[in-house]
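Trainee: Can you keep this structure in mind? I'll have questions shortly.
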Amino acid sequence: MLYQLLSMVGAVLILTGFALLQTGRLDRTDRVFNLLNFVGSALLTVVAVEDRRLGFIFLEGAWALLSLVPLLRPPRRSA
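Okay, so the sequence shown: first residue is 1103 according to my numbering, each after it adds one.
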């Protein structure tokens, strides 16, 4: 039951970020967009590890790492 909940929350976070991007409410460089992707994909990675789904571990793990990179960069200063 816990892993079902984690997978639903993870999917909702990723889809929320995607929807906000598609509707122009977020930009791909927005920290919120990358945070939604990172947390969502990290949760889905946990579920994939528990279920031993190697393809999904690779996919979601890579997604999480790629979303983490912009979050670790220092924020841009306003001009």
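For every residue, glycine included, the Cβ atom is placed at its ideal position computed from N, Cα and C. All figures in this text were calculated on a predicted structure; none of them were measured in a lab.
Could you compute how far the alpha carbon of R1175 sits from the alpha carbon of D1132?
Mentor: Position 73 of the sequence shown, counted from the start, is the residue given in the question as residue 1175. Position 30 of the sequence shown, counted from the start, is the residue given in the question as residue 1132. Each residue's Cα considered, the two are about 12 angstroms apart.
Trainee: Is R1133 helix, strand or coil when you go by DSSP?
Mentor: One-based indexing of the sequence shown puts residue 1133 at position 31. Note: R1133 maps to helix in three-state DSSP.
Trainee: Tell me whether S1180 sits in a helix, a strand or coil according to DSSP, three-state version.
Mentor: Start at 1 with the first residue of the sequence shown, and residue 1180 comes out as number 78. S1180 falls in the coil class under three-state DSSP.
Trainee: Relative to the alpha-carbon of P1172, which residue among L1107, A1144, E1162 and L1137 has its alpha-carbon at the smallest distance?
Mentor: For the purposes of this step, residue 1172 is taken as residue 70 along the sequence shown, with counting starting at 1. P1172 has its Cα closest to that of L1137, out of L1107, A1144, E1162 and L1137.
Trainee: Within 10 angstroms of the Cβ of V1114, are there 16 or more other Cβ atoms? Answer buried if so, exposed if not.
Mentor: Stepping through the sequence shown from its first residue, residue 1114 is reached at position 12. That one is exposed.
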